[in-house]
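Comments concern the structure below.
Residue numbers (full-length UniProt numbering): 1 to 227.
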């Protein structure tokens with residue numbers, strides 16, 4: 001059964017970042033089938049153009065996203081979502097390239113993501129230990145050994161910039177006190193959304209990771225599903 005979801009409204013887009021987290025145990029979630037946002041020919045709804053607008057106010061000004069190059073199903077949108085997870089949980093659906101932030105009333109904010117090689121190596125339940133704006137990227141030693149051109153970044157990492165692989169924001173995922181090395185982060189490589197890519201963990205468009213960053217606090221429950 002297909003459920004038609006109208007384009008996200010500005011009110012839904014501005015849902016408060018302070019949604020309270022409720023205690024609960026891990027369960028299963030199943031998204032209802034959702035149609036792509038409506039468009040007329042090549043015209044893109046102004047709501048989406050606003051969501052993915054240029055952001056000159058950022059430390060490193062972000063360009064607008066060329067939405068004509070992205071499948072509309074991966075645009076940020078509120079969808080029907082059935083889940084036993086408490087409101088305010090991040091659920092990464094690795095096989096289908098979606099990230100959900102559960103909301104009240106059987107809804108979720110859904111983001112399109114790209115999954116890098118490291119994004120397939122861990123699954124389970126954890127938490128956001130901390131978040132960073134315009135983070136430093138420190139490549140793993142194993143990556144540096146494979147790619148000697150990264151040697152200058154072994155000790156101090158790569159400073160923030162539009163070229164930094166972590167993009168405008170990064171959310172660091174810990175299991176207890178152990179760093180999973182799993183990251184939710186931004187990217188300017190719009191073509192990689194909805195695809196499996198060669199590097200990284202879970203990447204969102206920079207405008208989307210900023211939105212997610214503003215909605216969730218440290219300590220947010222994260223569920224990563226690999227199947």
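All C-beta atoms, glycine included, are put in the ideal place defined by N, C-alpha and C. All of these numbers come straight from a predicted model, not from anything done at the bench.
Taking all protein chains shown into account, residue 181 has fewer than 16 neighbouring C-beta atoms within 10 Å of its C-beta and is therefore exposed. With the rule of 3 Cβ pairs closer than 8 Å, the segment 81-93 counts as touching the segment 210-223. Here residue 52 is near residue 67, since their CB atoms are less than 8 Å apart. When the beta-carbon positions are compared, residue 122 and residue 166 stay at least 8 Å from each other. By the Cβ rule, the segment 125-136 does not count as touching the segment 96-108, because fewer than three pairs are nearer than 8 Å. For residue 199, the secondary structure class from DSSP, reduced to helix, strand or coil, is coil.
Assignment of residue 132 by DSSP, reduced to helix, strand and coil, places it in the strand class. Per DSSP, residue 209 is one residue of the alpha helix (DSSP H) stretching across 206-215. When C-alpha distances from residue 102 are compared across 82, 114, 116, 115, the shortest belongs to 82.
Closest in alpha carbon position to residue 217, among 190, 164, 171, 48, is 171.
Scanning 100, 195, 58 for the CA closest to the CA of residue 80 turns up 100.
Contact between residue 169 and residue 213 is confirmed by a C-beta separation of about 4 Å, below the 8 Å threshold. The beta carbon of residue 187 lies closer than 6 Å to those of 167, 203 in the same chain, with the five residues before and after it left out. Nearest to residue 154 by alpha-carbon distance, out of 140, 59, 197, is 140.
A Cβ-Cβ contact shorter than 8 Å links residue 60 with residue 162. Note that the C-beta distance between residue 176 and residue 114 is not below 8 Å. The Cβ atoms of residue 200 and residue 118 sit closer than 8 Å to each other. Shown here for residue 63: same chain residues with a beta carbon closer than 7 Å to its own, the five before and five after excluded, namely 54 in chain order.
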